[in-house]
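Student: Handing you this structure, nothing more for now.
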Amino acid sequence: MKVRLHNPRPNRVCCAAMLQLAPESRWRLRPGTPADLDNLLALERAAFTTDRLSVRSLRRFVASPNAALIVAEEAGLAGYALVLFRPRSPVARLYSIAVAPRIAGRGVGAALLAAAEEAARRRGCDRMRLEVHVQNAAALNRYRKSGYRQFGCYRDYYDDGGDALRFEKRLAPPSPQRKNFASPDLTIAR
Ligand SMILES: CC(C)(COP(=O)(O)OP(=O)(O)OC[C@H]1O[C@@H](n2cnc3c(N)ncnc32)[C@H](O)[C@@H]1OP(=O)(O)O)[C@@H](O)C(=O)NCCC(=O)NCCS
């Protein structure tokens with residue numbers, strides 16, 4: 078059920094911009110750190126039934142300059158988004174995104190997705206791509222509402238034999254003034 082690369086070979090990490098919500102908002106976005114690993118692993122278990130990321134992979138992604146791992150916090154870990162970059166490629170890939178079931182449907186997914194797109198723009202990418210399980214209604218809803226369009230399909234892609242739909246979104250150039258990409262209250266602290 079998750080966003081997956083066929084052959085991910087990340088070897089560097091992007092330093093994602095620190096993203097914060099105004100005080101009245103309930104969650105906060107920031108770059109993930111090694112201290113988040115235990116909670117990320119627990120979230121993987123809670124959010125996915127198949128194709129889970131291992132702690133080894135998560136550790137590698139947190140440390141890689143070719144990845145941006147953004148976490149959302151609200152009374153603990155509320156969600157994360159993981160974007161991968163390839164050197165000299167204008168296409169970023171949303172490799173995984175998950176929101177804790179306790180906070181699902183409250184816009185954390187939209188905020189993480191917008192933050193992932195902003196991280197991609199800041200790396201010079203003009204497109205975001207992802208794969209999603211054909212039966213993952215919540216994720217399909219989220220991606221379509223966030224402007225993603227289907228452009229392909231991988232048959233038998235997931236551990237359960239399900240097909241992956243391939244989605245893409247064109248990203249506008251980064252703006253230093255950009256504030257309103259997920260919530261009117263979202264600001265970027267550099
Ligand atoms: C996909 C996911 C990250 C979305 O996170 P979220 O915080 O719940 O998302 P949002 O609240 O921003 O938006 C979800 C949208 O889908 C809708 N939605 C939520 N659950 C739904 C469901 N079961 N079926 C259909 N639509 C659903 C919501 O109403 C919302 O629409 P809205 O913006 O019009 O209100 C979350 O459902 C999740 O972690 N799922 C498990 C992991 C996963 O599948 N990741 C994606 C891999 S491709």
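Each residue of the sequence shown is one higher than the last, beginning at 78 in this note's numbering.
Every residue, glycine too, gets a C-beta built ideally from N, C-alpha and C.
Give a yes or no on contact between the stretch 112–127 and the stretch 211–218, applying the rule of three or more CB pairs nearer than 8 Å.
Tutor: In short, these stretches do not touch, since the Cβ pair count stays below three.
Student: Span of the alpha helix (DSSP H) holding Y38?
Tutor: The question about residue 38 has no answer here: the residues shown for the chain are numbered 78 through 267.
Student: I'd like to confirm something about G182: is its beta-carbon nearer than 7 Å to some heavy atom of ligand 1, or not?
Tutor: On the sequence shown, position 105 is the one that residue 182 refers to. Indeed, a heavy atom of ligand 1 lies less than 7 Å from the Cβ.
Student: Are there any heavy atoms of ligand 1 lying less than 7 Å away from the beta-carbon of A193, as far as the coordinates show?
Tutor: Here residue 193 is taken as the residue at index 116 of the sequence shown, counted from 1. For ligand 1, not one heavy atom lies less than 7 Å from the Cβ of A193.
Student: Taking 7 Å as the line, does the beta carbon of R219 fall inside it for any heavy atom of ligand 1?
Tutor: Along the sequence shown, one-based indexing puts residue 219 at 142. Answer for R219: yes, Cβ within range of ligand 1.
Student: For the beta strand (DSSP E) containing F228, name the first residue and the last one.
Tutor: Along the sequence shown, read from residue 1 onward, the residue named residue 228 stands at position 151. Its beta strand (DSSP E) spans residues R226 to Y231.
Student: Where does D233 land, buried or exposed, given buried means 16+ other C-beta within 10 angstroms?
Tutor: Here residue 233 refers to the residue found at position 156 when the sequence shown is read from its first residue. Counting Cβ neighbours within 10 Å, D233 comes out exposed, since fewer than 16 surround it.
Student: Note down, in chain order, each residue of its chain lying with its Cβ closer than 6 Å to the Cβ of P100, except the 5 sequence neighbours on either side.
Tutor: As a working note, residue 100 is residue 23 in the sequence shown. Residue confidence is low: P100 scores 45 on pLDDT, short of 50, so the model does not pin down where it sits. Its coordinate-derived value is still stated next. Nothing listed; no residue qualifies.
Student: Run through the stretch 103–145 for me and flag every whole beta strand (DSSP E) of 3 or more residues, listed as ranges in chain order.
Tutor: Entirely contained in the stretch 103–145, the beta strand (DSSP E) runs reaching 3 residues are, in chain order, 105–108.
Student: V211: which of L189, S223 and D240 sits nearest, CA to CA?
Tutor: If you number the sequence shown from 1, residue 211 lands on position 134. Answer by Cα proximity: D240.
Student: For K246, is the classification buried or exposed, using 16 other Cβ atoms within 10 angstroms of its Cβ as the cut-off for buried?
Tutor: Position 169 of the sequence shown, counting from 1, holds the residue named residue 246. Buried is the call here.
Student: With H, G and I counted as helix, E and B as strand and the rest as coil, what does DSSP make of V211?
Tutor: In the sequence shown, counting from the first residue as 1, residue 211 sits at position 134. Three-state result, V211: coil.
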